[in-house]
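Heads up, the thing below is written out as structure tokens.
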Amino acid sequence: MDAHQLPPNEKTLLTHELLNQEYRHRVLEPRRSHMHELISTMLSHRTNHKDEEKAFYTMLERFGDWEGVMNADIDELADAIQTTRYPGQKAPQIQQTLQIIKQERGEFNIDFLEEMPVEEAMAWLTKLPGVGVKTATLLLLFNFKKPVMPVDTHVFRISQRVGLIGAKVTANKAHTILLEMLPPEPEVLYNFHIHMLRHGQRICTFFSPKCEQCVLNSICNYYQDVRQKGIDKAA
Ligand code: SF4
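Quick note on the UniProt record's numbering: the sequence shown kicks off at 1 and runs consecutively.
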């Protein structure tokens, strides 16, 4: 059997191993506070990291703290985060999220998620305005070291091309499918996620993936199809 015909669970583990060798294992340590990660991840939707950071710090400089952001004039808040995509949608979502946290917890603090079972934490987070499965899983994995699998555009694209998930699987469903095929240790899931992200930015890009340079090409359905078509054409 050719490597690309292996079952998805075996391919998923191989993908993890090959990318780990390529990009090296990284220790999972939270890079910013829980509130910072939550609001920054909301800002990051369809926005690059530099513009997301600019929006975050402009917002806090202009309004001082979370209380100030929550009570800011909505147009001024949208203006402060204008380096992100959809600032007009994100501004009210951020304010409503801050209001819910303040009302429920009495302060701008989500440390309680640490003690909460994963499913409960996912349910609590995804009821916040502007917080979907991707944002919730990123926060729970990166900051709380919970065993979840964030599926962003890179994880999704590579998983489909290699054949870890089917062509018709949605991003939300991919989260569960990939999770079931990987070891449940948060550090493994973290490395899988960040390596797929890096690989998607460098090699398996949306347009013109660099398949000849890719460490996954022996197990990749997309590459085998493209190569096969090339052979058929040449014959
Ligand atoms: S072989 Fe090509 S399509 Fe497959 S994962 Fe690598 S870059 Fe992406």
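In this text, a Cβ means the ideal position worked out from N, Cα and C, and glycines have one as well.
Predicted model, so just to flag it, every value in this text is computed and none were measured.
Go ahead and pull the three-state DSSP assignment for residue i.
i, result
"Tyr-86", "coil"
"Pro-150", "coil"
"His-25", "coil"
"Leu-164", "coil"
"Gly-130", "coil"
"Asn-48", "coil"
"Ala-136", "helix"
"Thr-205", "coil"
"Glu-104", "helix"
"Phe-63", "helix"
"Ser-33", "coil"
Under 6 Å Cβ to Cβ from residue i, same chain only, skipping five residues before and after it: list those, please.
i, result
"Cys-211", "Asn-217, Tyr-223"
"Gln-96", "Pro-129"
"Cys-204", "Ile-158"
"Ile-165", "Ser-159, Ala-174, Ile-177"
Using a Cβ-Cβ cutoff of less than 8 Å, which residues in the same chain neighbour residue i once the five nearest sequence positions on both sides are dropped?
i, result
"Ala-121", "Leu-113, Ala-136, Leu-140, Phe-144, Lys-146"
"Ile-110", "His-34, Met-35, Leu-38, Ile-101"
Could you name the residues of the same chain whose beta carbon sits closer than 7 Å to that of residue i, not counting the 5 residues immediately before and after it, in chain order?
i, result
"Pro-186", "Leu-28, Leu-141, Lys-145, Lys-146, Pro-147"
"Leu-98", "Trp-66, Val-69, Met-70, Phe-108"
"residue 280", "Residue 280 cannot be examined here, being either before or after the span of the chain that is shown, 1 to 235."
"Ser-33", "none"
"Thr-84", "Leu-43, Thr-47, Asp-51, Glu-52, Ala-55, Lys-90"
### Query
Taking a cut-off of 6 Å, which residues have a beta-carbon closer than that to any heavy atom of ligand 1, in chain order?
Ile-158, Arg-161, Val-162, Ile-203, Cys-204, Pro-209, Lys-210, Cys-211, Cys-214, Leu-216, Asn-217, Cys-220, Tyr-222, Tyr-223
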